[in-house]
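Residue numbers (the numbering used here), protein chains in the order written: chain A, 1 to 163; chain B, 1001 to 1163.
Glycine included, each C-beta is placed from N, C-alpha and C at the ideal position.
The next block holds one structure in the form of structure tokens; read it before the comments.
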DNA sequence: TTGCAAATGTTATAATGTTGCAAATTCTTC
DNA sequence: GAAGAATTTGCAACATTATAACATTTGCAA
């Protein structure tokens, strides 16, 4: 059914990031894509938490790094990372999160907590199936499916059950 | 299963708009909400087609109308219309479409043609159900579900089947 | 080591969306 | 119908997000 319960489940996030970076290197090598220092740094920043990060947030950190970066630097890196399935853009937030299913071409479903901002990416075959059938019923040919669910994650439900 | 096949099915769009405006008036009256001239005009503009319209597109037409409008005018009207379920915002396009299921509180599913830009709003109970179950499996409490499917509508599939 | 393609730097600008406050309008209550 | 409250609008400035265009550099291959 669902896959991973990060970030709602406690986990060693440093290892989480390290894994993501290692995966990214492997994927890029395999695809003959160049994970340059800037791109890798941006990926690392995106992975600093499971909360989506805006392009200009990334830019600010690069600037702190001493990197003389401008918006296109960040947007290009993000485009690259998206194209290689390493990050996702969350349209409802204009922000980016690390992909927890890197490598496979997929359209995740995102559970976005409105309280703590953490985002959980799921692959839910039943949902994909239902969407596909609904589109077919209209003779529509789906190419890109975006599912973003805003609400309360388990932890925040407990903290504030009566919102 | 699915409801209406507009805009893919040929239809009398003037009647379509007239109906939408009539519905809007009824809904606002029922909810004690004020469908002021500006709000009504914005709704009418949004309904000029089934293609999503950007806030600044609306603004441009208002200006042509002779209405001395600024961005807040448009955004406020759009907020109002959204709150009363009369229009939807398509996050992946930063644009707005008329709601074809006005009145009921709902989270539609949108089929967005990348070729002709028309958007079809569906209510697909199976999808809603599957999403809800996937969220439950993570103990996530959904509040707002956004499903946007980009692809090719039936008409554009015929015109360009081999994209 | 030259030459090409990919990646980056740089400047400017476009597109989208918000804040804050004042003025006008509408609604309510007396 | 007038006073006061609440909603709506006007308006100016500004904040945020994203892209265009073109020069420069870097990495790689012939």
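Item, Value
"Using the rule of at least 16 other Cβ atoms within 10 Å of the residue's Cβ for burial, across every protein chain shown, is residue 8/A buried or exposed?", "buried"
"If you run the structure through DSSP and keep just helix, strand and coil, what is residue 1110/B?", "strand"
"If distances are taken between C-alpha atoms only, which option among 1109/B, 1039/B, 1133/B comes closest to residue 111/A?", "1133/B"
"Say whether chain B places a C-beta atom closer than 8 Å to the C-beta of residue 133/A.", "yes"
"Here's the rule: buried if 16 or more other CB atoms are within 10 angstroms of the residue's CB, otherwise exposed. What is residue 1066/B?", "exposed"
"Cα-Cα, which of 1117/B, 1121/B, 1035/B is closest to residue 1108/B?", "1121/B"
"Since residue 1126/B sits in a beta bridge, which residues does DSSP pair it with?", "Paired residue(s): none; residue 1126/B is not in a bridge."
"Using the Cα positions of residue 1/A and residue 1057/B, report the straight-line distance between them to the nearest angstrom.", "The predicted model places residue 1/A with a pLDDT of 40, which falls under 50 and marks its position as unreliable, so this point remains unresolved."
"Which residues bound the beta strand (DSSP E) around residue 1159/B?", "Residue 1159/B -> not in any beta strand (DSSP E); alpha helix (DSSP H) instead, spanning 1154-1159."
"Do the segment 64-81 of chain A and the segment 34-46 of chain A touch if we need at least three Cβ pairs shorter than 8 Å?", "yes"
"Rounded to a whole number of angstroms, what is the C-alpha to C-alpha distance between residue 90/A and residue 1016/B?", "33 Å"
"Hey, out of 1146/B, 1140/B, 1119/B, 1158/B, whose CA is closest to residue 1046/B's CA?", "1119/B"
"Can you list the residues of chain B that residue 141/A reaches, using a CB-CB cut of under 7 Å?", "1151, 1152, 1157"
"Do you know how far the Cα of residue 48/A is from the Cα of residue 1003/B?", "Residue placement at residue 1003/B is poorly supported in this model, since its pLDDT is 44, which falls under 50; the coordinates are not used for a value here."
"Roughly how many whole angstroms lie between the Cα atoms of residue 224/A and residue 1029/B?", "Given a span of 1 to 163 for chain A in the structure shown, any question on residue 224/A remains unanswerable."
"With a threshold of 6 Å on Cβ separation, who are the neighbours of residue 215/A within its own chain once the five nearest residues in sequence on each side are excluded?", "Lying outside 1 to 163, the shown extent of chain A, residue 215/A is not represented and no answer is given."
"On the CB-based measure, 16 or more other CB atoms within 10 Å of its CB, does residue 1163/B come out buried or exposed?", "Because the pLDDT of residue 1163/B is 45, which lies under 50, any placement of that residue in the model is unreliable, and the question is left without a value."
"What number of angstroms, rounded off, separates the C-alpha of residue 1087/B from the C-alpha of residue 1125/B?", "20 Å"
"Within 8 Å (strictly less), CB to CB, does residue 980/B reach chain A?", "Any question about residue 980/B goes unanswered here, given that chain B covers just 1001 to 1163."
"Hey, residue 1081/B and residue 1042/B are a contact pair by Cβ (cut 8 Å); roughly how many whole angstroms apart?", "7 Å"
"Can you tell me the Cβ-Cβ gap for residue 154/A and residue 1140/B, rounded? I've got them flagged as a contact below 8 Å.", "7 Å"
"With residue 41/A as the anchor, note down where its alpha helix (DSSP H) starts and where it stops.", "37-46"
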